[in-house]
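Chains as they are written, first to last, in my numbering: chain A, 1 to 296; chain B, 1 to 758. Built from N, CA and C at the ideal position, the CB exists for glycine as well. Quick notes on the structure that follows.
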């Protein structure tokens, strides 16, 4: 009953902007989701406007070992500088841009692969399903970190290889979710209707099934963005991340490790906080989306 | 039964006054039930009838004080045996539930705990509420299972819920509810999830038990026919209000509210005919709770609506004084001026459509599913493959413009048959010829565009039939585009609009998503989609079983109109014999994958019957007290399809079973006249002797019976009035005497005062 309450006075045609506004309005009902969304949007804005916001060149060697909130040579360093005299705030901002870019690119690619695999497995069933599921299970049986290290160590550390590693390690998980949703959705009568008018398997998978699986996938996407951010950070920490000298949060922590005990903990703590905050943002956003989607 | 639990006959078991219940949602407070008053006396059965969303289940939940997090009782009182339930503590209410008030829900499987044996679940009720020992509790549980007619209760008690059939599960649930000897039993659509033949057994049981135990019943259902079999009184609800209440007799004979009257017009009774007396659907749909109109909620759908009288203020319940029913009350401002009974119940008559050439031929079609049996025994005997014979030698023909009804209970193979026709499965053997081409062995992927477009389907579940992600127009347009009927987007759009007109939906719906539509509207879109490719044959798989009566009638009429217009062959698959009787020209009765009987509708619904058809006919509840019905209740359950009887599939439940021959030999197909075939060992002559299941009085008899009733009512009313008058005159005399006495006293007093003064 409640489901149909708003049907009749709705605007008949909604364009995509209105739809987005409505989705955001829905998210407003979940405070947790709003906080998460706020954090994520904050990082996205910072990344977009990095050239405008960042006070210094992130790779310029200015004054080494400056503590936060201090002014040296008329230059104000909000978060101080590192051992090479690079401004930590600027590196944080540019590093955020790189982390967000690679996390998004990697997760989206993993989704592209996982969705195709999952749809194929769930819709065609039979040996296709068994083959895909077997490969997925083999990959999932390895510890993730070992996989990453193996792949990057073999292929070399580069942005592209990080994307590849993430796709390889997380698409099986995505495939499983999509496969489960597909198995469920393919029993619906509208799928039978599409089959009985002779639609191709590709059309049924992409047009009839996929759009109806989007709800759980969007929530999972946010969670997975968080994981990928952690992964990129961890790889950077292990020295397998994005190649220097361009800033990378994980790499910043690693480089600062030696100086933490020497009286400059800010050099490691600040990038670590950035990683945690962004991951927290993604997780809260996912929680909020789930909460909103479960309400009637 | 101990005396202390026997209901106290003076105090009503349940007394509800001006009850108001609301739900709280995003859109604010939504009143779900308003101004609801009801009295249930000891041993009485009261029915609560109405379409989905009218608030009947909410009332039941309100009585149990179980409204969930977002619901609440806003006003009014509920008295149970004279005690106000609002004044009881939570603990007291908890004790009452299950012990004094028991509830039986629609879905028996959901009411039983799947991980506990039946014995544990039953004895728990007693050890919890009465604190008796397990041994004694088990005794009582077994007795109760026996009372609900479960054969071999001891054995059943050791099984888990999933091991027994749906009908038995519901019997167990009823037994569980009765164990603590409640004085009030709430039944919320207890048979809706069951097959008709099973339903008939449960309904009989409920009626029997209420008589035997003296428990009062509140029976909630959308089915007026069931009410007739169980209840003494009924309340008809509409949009959160009771619109009419009264005894079964007065409501069925003289429905006063236009809605009640309209409901009767929507039910395909045995004397309805799709051409001569079509159903009259109630136009429009139930208003959403926050869009209820001012005044009478039924106003926008009512033919007798008058703005000044009906559209101004809340309509109060009024007593109907024209019949001899003191409890007959109606919420209609014009009940006294409008005579609903003379208004046409039936829609306009139509010419029957001429039947054309043969379009679909099904010849000895078989569909077997292979089941791997990897048990040790199967390996030893070398039979590692077993077959589920979903369809066994199906034979029939369908002509142009003809409607074939395929009837059977769940598991009879009717949906498998539809799948084979559509090509979602391929036939194991035999032929299915559509326009003289055998398509039985061609899977849907290999069918030509022509074959695909000429055979389309209307599906069962309105919430499932449309893709929630795409607009209505997009989904209909896709069919037109896919079958290449039109290429130009403007022309496709035009055709979509025309189709929406045909199914009587506003054109603006083309831009809407399915979730913005009601169930009946979605089903209309499903029909538009099926007819978009100009099919020569349409299969409708239970298209109305998920819809409310008034909506179902409209969808049925629509389906027939379009069929007539397009000269389509319609295969109407259903478990509902009354709908099939109404719609179909010819009927195929299936049981366990086999055809039991086939013939024209008149042939199938008159003797000679197949014993299974006979039982099915008797099981269908009929909402007309004038129609006499012979009761046949089938024993036992549907046999497993993996292990069907070697002979006649129906022999395990057949009331007319002959003996070994039925169990061991396939029944011969006996032909009675042209095309009426019965697969049975009993000779046709003997089957012809069988009395008809339904006795439909003709118009004259109906009128006479109604007049007789009216005369009787008038006489009784006159008597009552006379008695009243007599009582009044007696009272007047008493009053006069009293007055005289008072005068005397005054005079005495005066005298006394005077004496004092002097």
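- Identification of residues in the region 110 to 128 of chain A having a C-beta nearer than 8 Å to some C-beta of chain B yields an empty set.
- Counting along the chain, no alpha helix (DSSP H) covers residue 676 of chain B; the unbroken beta strand (DSSP E) around it starts and ends at 676 to 679.
- Residue 605 of chain B is not bridged by DSSP to any residue.
- Residue range 233 to 238 is occupied by the beta strand (DSSP E) that includes residue 236 of chain B.
- Beta-bridge partners assigned by DSSP to residue 167 of chain A: none are found.
- Considering only A:164, A:135, A:263, A:187, the residue with the shortest C-alpha distance to residue 212 of chain A is A:187.
- Look at the region 201 to 269 of chain B and you find these whole runs of alpha helix (DSSP H), each 4 residues long or longer: 224 to 230, 248 to 253, 258 to 266.
- Comparing alpha carbon positions, the residue from A:143, A:183, A:270 closest to residue 208 of chain A is A:183.
- For residue 31 of chain B, the three-state secondary structure derived from DSSP is strand.
- By the rule that beta-carbons nearer than 9 Å mark a contact, residue 423 of chain B touches chain A.
- Within the region 534 to 618 of chain B, complete beta strand (DSSP E) segments of at least 3 residues are found at 537 to 541, 569 to 574, 586 to 591, 594 to 600, given in chain order.
- Sixteen is the threshold: since fewer than 16 other Cβ atoms of the shown chains lie within 10 Å of the Cβ of residue 48 of chain A, the residue is exposed.
- As for any alpha helix (DSSP H) of minimum length 4 sitting wholly inside the region 349 to 414 of chain B, the runs are 376 to 381, ordered along the chain.
- In the DSSP assignment, residue 144 of chain B falls outside any beta strand (DSSP E) and within the unbroken alpha helix (DSSP H) covering 134 to 147.
- By the beta-carbon neighbour count (other beta carbons within 10 angstroms, threshold 16), residue 265 of chain B is buried.
- Taking the beta carbon of residue 543 of chain B as reference, no residue of chain A falls within 8 Å; the closest one sits roughly 11 Å away.
- The DSSP-derived three-state label of residue 58 of chain B is helix.
- In the structure shown, the three-state DSSP call for residue 105 of chain B is coil.
- Per DSSP, the beta bridge partners of residue 188 of chain B are B:220.
- Within the region 36 to 75 of chain A, the runs of beta strand (DSSP E) at least 3 residues long that lie entirely inside it are, in chain order, 70 to 72.
- The beta carbon of residue 584 of chain B lies closer than 7 Å to those of 403, 404, 405, 572, 601 in the same chain, with the five residues before and after it left out.
- Check the Cα spacing between residue 186 of chain B and each of B:11, B:197, B:220, B:200: the tightest is with B:220.
- Within chain A, the residues placing a beta-carbon under 8 Å from that of residue 465 of chain B are 189, 190, 193, ordered along the chain.
- Assignment of beta-bridge partners to residue 438 of chain B by DSSP yields B:433.
- Within the same chain, 387, 388, 390 come within 8 Å of residue 369 of chain B by CB-CB distance, once the 5 residues on both sides are set aside.
- In the DSSP annotation of this structure, residue 620 of chain B is not part of any beta strand (DSSP E), being labelled neither H nor E.
- The beta carbons of residue 476 of chain B and residue 496 of chain B sit about 5 Å from each other, so the pair counts as a contact at 8 Å.
- With contacts defined by Cβ atoms closer than 9 Å, residue 289 of chain A and residue 33 of chain A form a contacting pair.
- Bridge partners of residue 163 of chain B according to DSSP: none are assigned.
- The Cβ of residue 197 of chain A sits closer than 9 Å to at least one Cβ of chain B.
- The alpha carbon of residue 673 of chain B has as its nearest neighbour, out of B:413, B:681, B:685, the alpha carbon of B:685.
- Nearest to residue 88 of chain A by alpha-carbon distance, out of A:276, A:75, A:291, A:271, is A:271.
- Assignment of residue 13 of chain B by DSSP, reduced to helix, strand and coil, places it in the coil class.
- Counting only residues of its own chain and dropping the five nearest sequence neighbours on each side, residue 210 of chain B has a CB closer than 8 Å to the CB of 43, 45, 185, 216, 217, 230.
- In terms of Cβ geometry, residue 276 of chain A and residue 227 of chain A do not form a close pair [threshold 9 Å].
- Not flagged as an interface residue toward chain A: residue 67 of chain B, since no C-beta distance is shorter than 9 Å.
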